[in-house]
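Quick note on numbering: the working numbering labels position 359 of the first sequence as 359, and the sequence is numbered without any gaps.
Where is the CB? At the ideal position from N, CA and C, for every residue including glycine.
These numbers were taken from a predicted model, which means no experiment stands behind them.
Here is the structure we will look at.
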Amino acid sequence: MIEEKPRVRFAPSPTGPLHVGGVRTALYNYLFARQHGGKMILRIEDTDRTRFVEGAEQYIIDALNWCGIDFDEGVHCGGDYGPYRQSERKVLYVKYIEKLIDSGKAYYAFDTPEELEEMRERGDGNQQYDASIRGKMKNSLTLSQQETDRLLSSKVPYVVRFMMPPERVVKINDVVRGKIEVDSSTLDDKVLLKADGMPTYHLANVVDDHLMKITHVIRGEEWLPSLPLHVLLYEAFGWRLPSFAHLPLLLKPEGKGKLSKRDGDRLGFPVFPTQWKDPQTGEIAMGFREEGYLPQAFVNILLRLGWNPGTDQEIFSMQEMIRTFNLEKVQKGGARFDPEKARWYNHQYIQQMDNETLAKEYLKILHRKGHDAPEEMALRITGMVKERINFPAEIWDQSWFLFEAPRELDPKVMKKKWKQDTPEIIRGLREQLAGAENFQPGALKEVVSDYIHSNGLGFGKVMVPLRICLVGKAAGPDLMEIMEIIGKEETLSRIDRALNP
RNA sequence: GGUCCGUUCGUCUAGCCAGGUUAGGACGCCAGGUUUUCAUCCUGGUAACAGGGGUUCGAAUCCCCUACGGACUACCA
1 MIEEKPRVRF APSPTGPLHV GGVRTALYNY LFARQHGGKM ILRIEDTDRT
51 RFVEGAEQYI IDALNWCGID FDEGVHCGGD YGPYRQSERK VLYVKYIEKL
101 IDSGKAYYAF DTPEELEEMR ERGDGNQQYD ASIRGKMKNS LTLSQQETDR
151 LLSSKVPYVV RFMMPPERVV KINDVVRGKI EVDSSTLDDK VLLKADGMPT
201 YHLANVVDDH LMKITHVIRG EEWLPSLPLH VLLYEAFGWR LPSFAHLPLL
251 LKPEGKGKLS KRDGDRLGFP VFPTQWKDPQ TGEIAMGFRE EGYLPQAFVN
301 ILLRLGWNPG TDQEIFSMQE MIRTFNLEKV QKGGARFDPE KARWYNHQYI
351 QQMDNETLAK EYLKILHRKG HDAPEEMALR ITGMVKERIN FPAEIWDQSW
401 FLFEAPRELD PKVMKKKWKQ DTPEIIRGLR EQLAGAENFQ PGALKEVVSD
451 YIHSNGLGFG KVMVPLRICL VGKAAGPDLM EIMEIIGKEE TLSRIDRALN
501 P
C-alpha cells in the first residue's frame, strides 16, 4: 500500500506545555511511522518570536518521552534534514519566496496595519485581502516597478503575499475525511513572509515538509481551512503533494467546544501529560503523570479517543498499537474526554503492573507520611490492596490503618452495625484473641471461627464490629491479615479503645 | 457574517464506502452473585441512529434540505 518508507513529523510550536490533543496527534504520527518502518521527526515551529515560551521545547520532548514516543530526527537528536527549528531556517525561506515572486505567484505588500484595518472596515469587517481588493492596495501589483524597488530598498516594512489563483476548485483527498472541495475565489491572499523576515506558518510548513521529504501530514482539524492554500502553494512551487490526514478535535467533557488548557483545573483533571510550571507566573498546571496515571494507560486513553480497532479490544500495549493502528479508522467527529473512563484504564494498567514496582512507590508514600516498613511488608500490603486501587497513591488510602490507629469510628457505620449486644460479643472475642499464641491469619481465623460457632453467632455480627474497632469503618482487606500486621498488642489496644471511648 | 468540517446509547464507539442486524462492544449507572465488610471480580439490565423529505420492496447506511455543534476567518501556529 505504501511503497516508500513514510516520513512524518510532529510540529508543535513552543508556546507552552503540550496539551492532550497535541499528544494524541504526536501519538498517531508515531504509530503510523513505526508501523510502516518510517521516520518520526520533531520540528519546532517557532516563527512567532512574540509567543515563544522558555522551556516549552524541552517540555514537549520530555513529555512525549514519558509517553513512550521517541523521534528519529529532530531538534534534540539531529538528522540529515536539519536544522529542525524554523527560526534557524530563516534564510532558506527567503530563497523560496523569491521564486514565487519571480514567477508572479506572490507579491510585495506595503500596507500598514492601519490601512489594513481600514480595508476590513469598508467591507462590514468581512473584506478579505483578495482579488477584489488587491488592485486597490499598496503593493507591487499596483505600484510601479521603480516605486516598488525604492520601497524595498528603504526601511519601509513589507510583507509578501500569495496571489490566490482565481476561480480554481481545489480538490483534495483527505485520508480521514475523504473528498474536500474548495473554491479558490473564497480564499484570500495570505501573508507568506512577515515584516520581520520570518515566514508565516503556511509558507514554513510547506517548504519544510517538502525539504524534509515528509510523505504524510497528520495534524489537527484546525488546519483544515488552510489546506487549500497549502495545496496551492505546493502547486506554485511545482512540488509533489504529501498525503493529508486531519484529526478530529478533543472536546470538553461537558458541554461543547475544544478542550482548552483552562478546562483542566476547572474540572479537576489534567489536560497536560506532565506537570507544567509557567516560567512567567510560576503557576503550576497538573499533569497526568503527577496525578498517578501510568504512561501506558495515558497513551491507551488517547489512542481510543478518536480511533477504534474495529474489534472489542480496549487495552493495547505499544506494540499492539503499532501493529493495529490505521488512519482509515480514525473518527471524523470530535471526541469528548471522559475522566471516568480514564480512571478505568489506569485501573487496568495498575493491575498489570508488577508488585515490586508498585511497592517501591508505596514505600515512598510511607516515608512521606513519616512511616517505614521492610520491603517485604510493603510488597505484602501492595498485594493485599492492589486490586482495589486506580492510582498508586491509593495504596495509602487503602492501608493507612496498618500504621495508624483510627482517630474516630465512623458514626454512620457505628449506628448501623454497633448493636446493644456488640460490646459483650467483642469483649468475649478480645479474651480469645488475648489468649491466642499464634497471631497468623490461619490461626486467627480459627480462633474467631471457634468463638463464633461456640457462641452461636454469625460472622457478620462479629467481624463487622471487630473491623470497626481496628479500622474505624466497614471497609478494607482481610481482617486476619490486618491483625497479624498490626500485631497482637495493637489489636487488643484498638479493641479496648473502641470498647471504652 | 463568510468558508470548511462534523452529528449512532450520558460518554468513547461498531455497523455506513459494497441498503435487509433483536443496531453490537466498552466506560458509567442499576440489579443480582461472590466476600467477614468495602472495593475488586462475575452475571444480567438500562440506554442511541438530530429532524424532515426523497430514492427503494426495504434506509442508521445512498441523495437533498433544515437544525444543532465545531474549526477557521492575524504580519498566531
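{"Asked": "For Pro411, tell me which candidate among Glu446, Gly123 and Ala474 has the shortest Cα-Cα distance.", "Found": "Ala474"}
{"Asked": "Secondary structure at Phe337, three-state DSSP: helix, strand or coil?", "Found": "coil"}
{"Asked": "How would you write the range of the beta strand (DSSP E) that Gly178 sits in, first residue to last?", "Found": "Gly178 to Asp183"}
{"Asked": "Lys39 lies in the beta strand (DSSP E); which residues open and close that run?", "Found": "Lys39 to Leu42"}
{"Asked": "Counting C-beta neighbours from all protein chains within 10 Å, is the total for Phe459 16 or more, i.e. buried, or is it exposed?", "Found": "exposed"}
{"Asked": "How many Å lie between Asp196 and Ile322 at the Cα?", "Found": "42 Å"}
{"Asked": "Just verifying my parser: in three-state terms, what is the DSSP assignment at Leu247?", "Found": "strand"}
{"Asked": "Count the other C-beta atoms from every protein chain shown that fall within 10 angstroms of the C-beta of Ile284, then say buried if there are 16 or more, exposed otherwise.", "Found": "exposed"}
{"Asked": "Please identify the residue among Ser493, Gly487 and Ile426 whose C-alpha is closest to the C-alpha of Leu466.", "Found": "Ile426"}
{"Asked": "To test your reading of the DSSP string, which unbroken alpha helix (DSSP H) runs of 4 or more residues are found completely within the region 245 to 296?", "Found": "261 to 267"}
{"Asked": "According to DSSP, is Asn205 helix, strand or coil?", "Found": "helix"}
{"Asked": "Cβ atoms of Arg161 and Ala106: under 8 Å apart, would you say?", "Found": "yes"}
{"Asked": "Unbroken alpha helix (DSSP H) runs of length 4 or more, entirely within the region 387 to 428: which are they?", "Found": "394 to 397 and 411 to 417"}
{"Asked": "With DSSP as the reference, label Ile214 as helix, strand or coil.", "Found": "coil"}
{"Asked": "Are the beta-carbon atoms of Ala236 and Leu100 separated by less than 8 Å?", "Found": "yes"}
{"Asked": "Spatial neighbours of Lys417 within its chain, please: C-beta separation below 7 Å, excluding the five flanking residues on both sides.", "Found": "Val464, Pro465, Ile468 and Ala474"}
{"Asked": "Taking the beta carbon of Arg9 as the centre, do at least 16 other beta carbons fall within 10 Å, making it buried, or is it exposed?", "Found": "buried"}
{"Asked": "Below 8 Å on the Cβ atoms is my guess for Cys78 versus Ile41; work out the distance and round it to an integer in Å.", "Found": "Before going on, a small fix: residue 78 reads as Gly here, not Cys. Gly78 to Ile41, Cβ: 11 Å. No contact."}
{"Asked": "In the DSSP output, which residue or residues are listed as bridge partners for Lys171?", "Found": "Glu181"}
{"Asked": "Select from Tyr293, Asp80, Val217 and Gln127 the residue whose C-alpha is nearest the C-alpha of Asp188.", "Found": "Gln127"}
{"Asked": "Please work out which residues of its chain come closer than 8 Å, Cβ to Cβ, to Lys341, disregarding the five sequence neighbours upstream and downstream, and give them in chain order.", "Found": "Ile301"}
{"Asked": "Nearest to Val462 by alpha carbon, out of Glu484, Asn438, Ser185 and Gln432?", "Found": "Gln432"}
{"Asked": "Are the Cβ atoms of Gly287 and Leu247 separated by less than 8 Å?", "Found": "no"}
{"Asked": "Which word fits Asp397, buried or exposed, when buried means at least 16 other C-beta atoms lie within 10 angstroms of its C-beta?", "Found": "exposed"}
{"Asked": "Helix, strand or coil for Leu100, going by three-state DSSP, please let me know.", "Found": "helix"}
{"Asked": "Got a sec, what are the start and stop residues for the alpha helix (DSSP H) Ala475 sits in?", "Found": "Taken as a continuous stretch (DSSP letters only), Ala475 belongs to no alpha helix (DSSP H), as it is neither H nor E."}
{"Asked": "Using DSSP's beta-bridge definition, name the partner residues of Arg85.", "Found": "Ile44"}
{"Asked": "Whole-angstrom Cβ separation of Leu259 and Phe337, contact assumed at under 8 Å?", "Found": "6 Å"}
{"Asked": "Cα-Cα, which of Phe71, Pro6, Ser87 and Gly37 is closest to Glu588?", "Found": "Residue 588 cannot be examined here, being either before or after the span of the chain that is shown, 1 to 501."}
{"Asked": "One question on the structure: do Phe401 and Val471 come within less than 8 Å of each other, judged by their Cβ atoms?", "Found": "yes"}
{"Asked": "Looking at Asn355 and Lys329, is the spacing between their C-beta atoms short of 8 Å?", "Found": "no"}
{"Asked": "What residue range does the beta strand (DSSP E) around Arg161 cover?", "Found": "Val159 to Phe162"}
{"Asked": "If we call anything under 8 Å between Cβ atoms a contact, is Tyr505 one with Ile69?", "Found": "Outside the modelled stretch of the chain, which goes from 1 to 501, sits residue 505, for which no answer is possible."}
{"Asked": "Should Met1 go down as buried or exposed, given a rule of 16 or more other Cβ atoms within 10 Å for buried?", "Found": "Low local confidence applies: a pLDDT of 47 at Met1 is under 50, so the model's placement there is unreliable, and no value is given."}
{"Asked": "Quick check on DSSP: helix, strand or coil for Asn126?", "Found": "coil"}
{"Asked": "Excluding five sequence neighbours on each side, which residues of the same chain lie with their C-beta closer than 6 Å to the C-beta of Ala26?", "Found": "Phe10, Leu64 and Ile69"}
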